[in-house]
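Have a look at the structure below, then the notes.
Numbering (our numbering), first residue to last: 1 to 179.
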């Protein structure tokens, strides 16, 4: 979000109340000492971007940082698309737009931007679209002109199936580790 104070000591963070800023400064120093003195600690980054950001930080610049990407299974096998669409009761001609996040209510994932975009669409433009919302969420307000299906707590096989029938994957994240 444009803040690069993590590169030095983050002593006047606007996200921290004034009374707690000294605690942040002390914790920052403690973490620097911990990572500099302990060679048994390794940091795992899920993307090159996060690894590079960590490498720039005052706390982790001298730490051991390893890149281990989020994996895609090597045995990625998908059933026939038409069979899966039938199984999911998707009609011929309907387009599936998929949004997936571990927590759909996380504002950094951008679901609100996707839904706002659909609110601006006229009914005719989205009448043949179904939105698959995949991830955990308690309650969600979806525009009335939009057909959607909400799927929670899915396993890898089910996610493979959702992706196999998806016509458009939307990733409106404003902050993400590896979209």
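A virtual CB, placed ideally from N, CA and C, is assigned to each residue, including glycine.
Worksheet item: So which of 58, 37, 51, 131 has the shortest CA-CA distance to residue 28?
Response: Locating residue 28 in the chain shown gives position 28, counting from the first residue. The shortest C-alpha separation from residue 28 is found at 58.
Discussion item. Distance check for residue 140 and residue 185, CA to CA, integer angstroms please.
Written reply: Limits of the chain in this structure are 1 at one end and 179 at the other, which puts residue 185 out of reach.
Discussion item. Looking at the secondary structure, which residues open and close the alpha helix (DSSP H) in which residue 83 lies?
Written reply: Here residue 83 is taken as the residue at index 83 of the chain shown, counted from 1. Element bounds for residue 83: 81 to 87.
Discussion item. Could you tell me the alpha carbon to alpha carbon distance between residue 127 and residue 174, rounded to whole angstroms?
Written reply: Within the chain shown, residue 127 is the residue found at index 127, counting from 1. Within the chain shown, residue 174 is the residue found at index 174, counting from 1. The alpha-carbon atoms of residue 127 and residue 174 are separated by roughly 28 Å.
Discussion item. My output table needs one value for residue 64: the three-state DSSP class, helix, strand or coil.
Written reply: As a position in the chain shown, residue 64 is number 64, starting the count at 1. It is a strand residue.
Item to complete: Check whether the Cβ atoms of residue 100 and residue 134 sit closer than 8 Å, and answer yes or no.
Response: In the chain shown, counting from the first residue as 1, residue 100 sits at position 100. In the chain shown, counting from the first residue as 1, residue 134 sits at position 134. A contact, by the Cβ cut-off of 8 Å.
Discussion item. Suppose the cutoff is 7 Å on Cβ atoms and the five residues either side in sequence are ignored; what does the same chain contact list for residue 165 look like?
Written reply: If you number the chain shown from 1, residue 165 lands on position 165. Once the five neighbours on either side are set aside, the close Cβ partners of residue 165 are 81, 84, 85, 88, 90, 96.
Fill in: Cβ-based neighbour list, residue 93, same chain, cut-off 7 Å, excluding 5 preceding and 5 following
For the purposes of this step, residue 93 is identified with residue 93 of the chain shown, where counting begins at 1. Around residue 93: 128.
Discussion item. If I follow the unbroken beta strand (DSSP E) through residue 34, where does it start and stop?
Written reply: Walking along the chain shown from the start, residue 34 turns up at place 34. Counting along the chain, residue 34 falls outside any beta strand (DSSP E), though it belongs to the alpha helix (DSSP H) covering 21 to 37.
Worksheet item: Can you name the start and end residues of the beta strand (DSSP E) that residue 133 belongs to?
Response: Here residue 133 is taken as the residue at index 133 of the chain shown, counted from 1. Note, residue 133: beta strand (DSSP E), 129 to 136.
Discussion item. Using only CA atoms, which one of 137, 163, 146 lies nearest to residue 152?
Written reply: Mapped onto the chain shown, residue 152 falls at position 152. Nearest C-alpha to residue 152: 137.
Discussion item. Measuring alpha carbon to alpha carbon, tell me which residue in 107, 26, 64 is nearest residue 180.
Written reply: The chain is shown from 1 up to 179; residue 180 falls before or after that span and cannot be answered.
Worksheet item: Considering only residues of the same chain and omitting the five flanking positions on each side of residue 113, which have a CB-CB separation below 7 Å?
Response: The residue given as residue 113 occupies position 113 in the chain shown. 172, listed in sequence order.
Item to complete: Measure the C-alpha to C-alpha separation of residue 62 and residue 4 and round it to an integer number of angstroms.
Response: Here the question's residue 62 lines up with position 62 in the chain shown. Here the question's residue 4 lines up with position 4 in the chain shown. Spanning the alpha carbons of residue 62 and residue 4 requires a straight line of approximately 18 Å.
Worksheet item: Under a three-way DSSP split, which group does residue 9 fall into?
Response: Taking the first residue of the chain shown as position 1, residue 9 is located at position 9. In this structure, residue 9 counts as coil in the three-state DSSP scheme.
Worksheet item: Would residue 19 be called buried (16 or more neighbouring beta carbons within 10 Å of its own) or exposed?
Response: Against the chain shown, residue 19 aligns to sequence position 19. The residue is exposed, with fewer than 16 neighbouring Cβ atoms inside 10 Å.
Item to complete: Label residue 45 either buried or exposed according to how many other C-beta atoms from any shown protein chain fall within 10 Å of its C-beta, with 16 as the threshold for buried.
Response: Indexing the chain shown from 1 puts residue 45 at position 45. Residue 45 comes out buried.
Item to complete: Please check the pair residue 31 and residue 51, which I expect to be a contact at CB under 8 Å, by giving their CB distance rounded to whole angstroms.
Response: Working through the chain shown from its first residue, we reach residue 31 at position 31. Working through the chain shown from its first residue, we reach residue 51 at position 51. Not confirmed; about 18 Å, so no contact.
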